[in-house]
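Q:
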Amino acid sequence: MEQESHIAILPSPGMGHPIPIVELAKRLALHHNFRVTCLIPTTGTPSNAIKGVLESPPASIDHVFLPPVSLEDVSGALPGIQVSLTMARSMPSVRHVLKSLAETTRLVAVILDQSASDALNIAKELNVSSYIFFPSNALALSLLLHLPELDKTVPCEYRDLPEPLKLSGCIPIHGRDLMDPIQDRKGEWYILFLRLTEQLRLAEGIMVNTFMDLQERAIKALADEEARNPPLYPIGPMIKTGQSTYQVEGWECLRWLDNQQSGLVLFVSFGSGGTLSSDQLEELASRLELSGQKFLWVARRPNNDLANAAYLSNQSHEDLLAFLPQGFIERTKVQGLVVSSWAPQVQVLSHCSTGGFLTHCGWNSILESIVNGYH
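Here the sequence shown stands for residues 52 to 426, numbered as in the working numbering.
#1: Going by C-alpha distance, which of P97, V87, Y209, V145 is nearest R236?
#2: DSSP three-state label for K150, please.
#3: Using 8 Å as the cut-off, can you tell me whether the stretch 137-147 makes contact with the stretch 217-237, which would need three or more C-beta pairs spanning the two stretches below that distance?
#4: Between the Cα of Q377 and those of S392, P71, E333, spot the shortest distance and give me the residue it belongs to.
#5: What are the boundary residues of the beta strand (DSSP E) that T410 is part of?
#6: My output table needs one value for F346: the three-state DSSP class, helix, strand or coil.
#7: Where in the stretch 179-245 do unbroken runs of the alpha helix (DSSP H), each at least 4 residues long, occur, reported from the N-terminal end onward?
#8: For a minimum of 4 consecutive residues, which ranges assigned as the alpha helix (DSSP H) are wholly contained in the stretch 54-126?
#9: Determine the DSSP secondary structure at F318, reduced to helix, strand or coil.
#10: Grab the span of the alpha helix (DSSP H) containing V399 for me, first residue to last.
#11: Between which two residues does the beta strand (DSSP E) carrying I173 extend?
#12: With a threshold of 16 other CB atoms inside 10 Å of the CB of N99, please say whether the residue is buried or exposed.
#13: Let's see if you can read the secondary structure: which residues bound the beta strand (DSSP E) around A274?
#14: Only counting the same chain, and skipping five residues up and downstream in sequence, which positions put a Cβ closer than 7 Å to that of Y241?
#15: Check whether the Cβ atoms of H411 and G314 lie closer than 8 Å to each other.
#16: What are the residues that DSSP puts in a beta bridge with R157?
#17: Just how far apart, CA to CA, sit E251 and C89?
#18: Excluding the 5 residues flanking D202 on each side, which residues of the same chain have their C-beta closer than 7 Å to its C-beta?
#19: So is N178 buried or exposed if we call it buried at 16+ other beta carbons inside 10 Å?
#20: Which residue from V115, G413, Q133, A254 puts its Cα closest to that of L196?
#21: Do V145 and V104 have their C-beta atoms within less than 8 Å of each other?
#22: Could you spell out the range, first to last residue, of the beta strand (DSSP E) harbouring Y390?
#23: In the DSSP output, what is L163 paired with across the bridge?
#24: My assumption, with CB atoms under 8 Å, is that P285 sits in contact with V319. Please give the rounded CB distance.
#25: Distance, Cα to Cα, F346 vs S329?
#26: Just how far apart, CA to CA, sit W393 and Q133?
#27: Taking 6 Å as the limit between beta carbons, can you name the residues of its chain near R268, skipping five residues before and five after?
#28: Quick test of your reading: L192 and F185, contact by CB under 8 Å. State the CB separation rounded to the nearest angstrom.
#29: List the residues that DSSP assigns as beta-bridge partners of P285.
#30: Looking at the structure shown, is G413 part of a helix, part of a strand, or coil, going by DSSP?
And the structure:
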């Protein structure tokens, strides 16, 4: 009897990237009868957040936590640099697991997060098909695929360009509005990022978490033969399904929503790793209170240096009284609810009491908003 076809999936650390690629794994297992093994990079004990993403999979999905890699030498580096180095330092373990799967199963493909593109060469050595999973949108993917050419032709920092960049399938965009990793061309983050983008074209295909009705122009431009990109597969929206029992403190908000009037609650959340500065936190708290609007707010300790300081944290429960304005929780206890660090966002957005969403506009949040009717 022929063995089942087996696929290995490798996400990057954090929360925003593992969620959609694990959802892809579920669909491959449930609807296409693949066996799937998820390789999970770690820098220590896996967090409850990532355990929640992996909870209650179909029987044909397994996961392997890779041995922790040390980031002590870059503990003060930007989260993006830490992610890139985590993936690079995990490659020996990735090679070992993939080699074992190739020897013991009918391994037919590996699907890699964009930050894991170093593993494309490992797949080639094992004679296994390799695909990149791009968890963001088609416009961002277009920029990344153009970046190696831009690096060769643009003589200055992108933010200093006098005219907007015009990329196929994209609206004109000013250099100063491009993503953070490419704003300092001499910085370590840019160098790491550029190397990863150069490797994207080595994949046999790129799966992107979007869909034609949302980004038809950009998708068609990426798929155009003249662009000479790998085959493109728009497979979105991939958003989280199911419920987690690992972060029970976050579920109290659903019981609170059950007792609110339909469509009157503003949900305030800035993604799995978003952080406000102290001034921003004070201002948001003040405006929510003065508005009189019913609200549900996922709050985190402020950080005055980074807007995504919590991206690689364990998202543990924090004492809200330690960083919210004095008396805020008591004064707004009838008006709203504040929860620490995490809430089941998909369930909150689909709840009948939720009427609006104040978000950082991360791609997962945008897709979850669209699916639940918040346009």
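Built from N, CA and C at the ideal position, the CB exists for glycine as well. What you are looking at is a predicted structure, and each value in this text was computed from that prediction instead of being measured.
A: In this structure, then:
#1: Y209
#2: helix
#3: no
#4: E333
#5: 405-410
#6: strand
#7: 189-204
#8: 69-83, 99-105
#9: strand
#10: 396-400
#11: Premise fails: I173 lies in the alpha helix (DSSP H), 170-176, not in any beta strand (DSSP E).
#12: buried
#13: Looking at the DSSP string, A274 is not in any beta strand (DSSP E); the run it does join, the alpha helix (DSSP H), is 263-274.
#14: P232, I233, D235
#15: no
#16: S56
#17: The sequence shown places Leu at residue 251, rather than the Glu named in the question. If I take the Cα positions, the gap works out to 20 Å.
#18: L245
#19: exposed
#20: A254
#21: no
#22: For the record, residue 390 in the displayed sequence is Val; it is not Tyr. 387-391 is the extent of the beta strand (DSSP E) around V390.
#23: L61, I183
#24: Incorrect: roughly 30 Å between the Cβ atoms, too far for contact.
#25: 20 Å
#26: 22 Å
#27: G220
#28: 5 Å
#29: V259
#30: coil
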